[in-house]
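The sequence shown maps to residues 1 to 227 in our numbering.
Glycine residues also receive a C-beta, built at the ideal position from the N, C-alpha and C atoms.
The block underneath contains the structure these notes are about, expressed in structure tokens.
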Amino acid sequence: MLRGSPGFYCYAVVEHAADAPAVSISEARLAFKLNTARFNYMAVSDAIQRYMPSAKDRESPRAKRLAYGEAVLLVDPANPQFKGEVDDKYQYSLDNKDNRVHGWVGAGQGNPMGFWVVTPSNEFKIGGPLKRELTSHVGPTSVTMFLGTHYVGSDIVARIDDGEYWKKVMGPVFVYLNSNPSKGDPARSGRTPRRGRTPKLPSGRTASWSRRTSTRLPSEAPSSAGC
Numbered sequence: 001m002l003r004g005s006p007g008f009y010c011y012a013v014v015e016h017a018a019d020a021p022a023v024s025i026s027e028a029r030l031a032f033k034l035n036t037a038r039f040n041y042m043a044v045s046d047a048i049q050r051y052m053p054s055a056k057d058r059e060s061p062r063a064k065r066l067a068y069g070e071a072v073l074l075v076d077p078a079n080p081q082f083k084g085e086v087d088d089k090y091q092y093s094l095d096n097k098d099n100r101v102h103g104w105v106g107a108g109q110g111n112p113m114g115f116w117v118v119t120p121s122n123e124f125k126i127g128g129p130l131k132r133e134l135t136s137h138v139g140p141t142s143v144t145m146f147l148g149t150h151y152v153g154s155d156i157v158a159r160i161d162d163g164e165y166w167k168k169v170m171g172p173v174f175v176y177l178n179s180n181p182s183k184g185d186p187a188r189s190g191r192t193p194r195r196g197r198t199p200k201l202p203s204g205r206t207a208s209w210s211r212r213t214s215t216r217l218p219s220e221a222p223s224s225a226g227c
């Protein structure tokens, strides 16, 4: 956390020592599970933002599982406006190049709060600018995927050999918190950071991050690391 900042930075340092056994990393992520009673409006881009069903709406008998576990048909949600919809977290995924700001708003409440995951740079993400990844979804949940096999499969798994030294700084991302007493448009009530003015990486700190305590990888595969 930085003095006077409306949020905080998160990162992970993942290190595989030269004397460590071989390991495979299939997923590394940072995930936030928010207050279910507080956050009900989600935004992942200028075009994709809406009120969302709850996690309980995805459970039986309110929902019917479809071809795979992430996709459900909402048959009897608590809020009837969602009846007949299919909920699937992959509906809200974005290419890395477009995944700059996403999060949630506590809409329709006094002094609504916004919770935003801001990615100042995607240089640390494995897969390049066209790699598609998860953002926010029903939970309410917000995720930053440092590394993941979504849409690609095992070809992108990081495989580190026995005795190979490997170290990578994953992040940082900025978690931005704001509020607004307006009870109008929820997209404005917890206004997102402007896309052209996303927080910059804190100067003079990146080098020091890699010298701090690292996340040592176990020998089991797959492994995940976050912060």
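1. Measuring alpha carbon to alpha carbon, tell me which of R38, N99 and A22 ends up nearest G110.
2. Using only the alpha-carbon positions, how far apart do W40 and D57 sit?
3. What did DSSP end up calling I25 once you bin it into helix, strand or coil?
4. Whose CA, out of A18, A20, E15 and Y11, lies closest to the CA of A31?
5. Smallest Cα separation from V143: which of V105, L134, G69 and A22?
6. At a cut of 8 Å, does the region 163-173 reach the region 97-116 through at least three beta carbon pairs?
7. So within the region 27-68, which uninterrupted beta strand (DSSP E) runs reach at least 3 residues, ignoring any that extend past its ends?
8. On the CB-based measure, 16 or more other CB atoms within 10 Å of its CB, does F8 come out buried or exposed?
9. Taking just the CA atoms, how far does D88 sit from A67?
10. For F174, which three-state DSSP category applies?
11. Check this for me: beta carbons of A257 and V152, under 8 Å apart or not?
12. Starting from the C-beta of G4, find all residues in its chain whose C-beta is less than 6 Å away, skip the five residues before and the five after it, and write them out in chain order.
13. Just grab the DSSP bridge partners of G114 for me.
14. Going by the beta-carbon positions, is the gap between L34 and P140 smaller than 8 Å?
15. Report the residue from L2, K168 and S179 whose alpha carbon sits nearest the alpha carbon of V13.
16. For V86, which of P129, L130 and R62 has the nearest alpha-carbon?
Put simply:
1. Position 110 of the sequence shown holds residue 110. Looking at the Cα atoms, R38 is the closest of the given residues.
2. For the purposes of this step, residue 40 is identified with residue 40 of the sequence shown, where counting begins at 1. For the purposes of this step, residue 57 is identified with residue 57 of the sequence shown, where counting begins at 1. Rather than Trp, the amino acid found at residue 40 in this sequence is Asn. Roughly 13 Å separates the two Cα atoms.
3. Start at 1 with the first residue of the sequence shown, and residue 25 comes out as number 25. Three-state result, I25: strand.
4. Position 31 of the sequence shown, counted from the start, is the residue given in the question as residue 31. Minimum Cα distance to A31 is reached at Y11.
5. Numbered from its first residue, the sequence shown carries residue 143 at position 143. With distances taken between Cα atoms, V143 lies closest to L134.
6. Taking 8 Å as the limit for Cβ pairs, the verdict is that the region 97-116 does not touch the region 163-173.
7. Runs found: 28-33, 41-43, 49-51 and 63-65.
8. Indexing the sequence shown from 1 puts residue 8 at position 8. Looking at its Cβ environment, which holds fewer than 16 other Cβ atoms inside 10 Å, F8 is exposed.
9. Here residue 67 refers to the residue found at position 67 when the sequence shown is read from its first residue. Here residue 88 refers to the residue found at position 88 when the sequence shown is read from its first residue. Separation of A67 and D88 (C-alpha to C-alpha, rounded to the nearest whole angstrom) is 11 Å.
10. Looking up residue 174 in the sequence shown gives position 174. DSSP places F174 in strand when its eight states are reduced to three.
11. As shown, the chain starts at 1 and ends at 227. That puts residue 257 outside it, with no answer to give.
12. Translated into the one-based positions of the sequence shown, residue 4 becomes position 4. For G4, where only same-chain residues beyond five positions count, there are no Cβ hits under 6 Å.
13. Position 114 of the sequence shown, counting from 1, holds the residue named residue 114. DSSP output for G114 lists V105 and N178 as bridge partner(s).
14. Residue 34 sits at position 34 when you count from the first residue of the sequence shown. Residue 140 sits at position 140 when you count from the first residue of the sequence shown. Judged by beta-carbon spacing, P140 lies within the 8 Å limit of L34, meaning their Cβ atoms are closer than that value.
15. Here residue 13 refers to the residue found at position 13 when the sequence shown is read from its first residue. Ranked by how close their Cα comes to the Cα of V13, the residues L2, K168 and S179 have K168 in first place.
16. Looking up residue 86 in the sequence shown gives position 86. Of the listed residues, the one whose Cα sits closest to V86 is R62.
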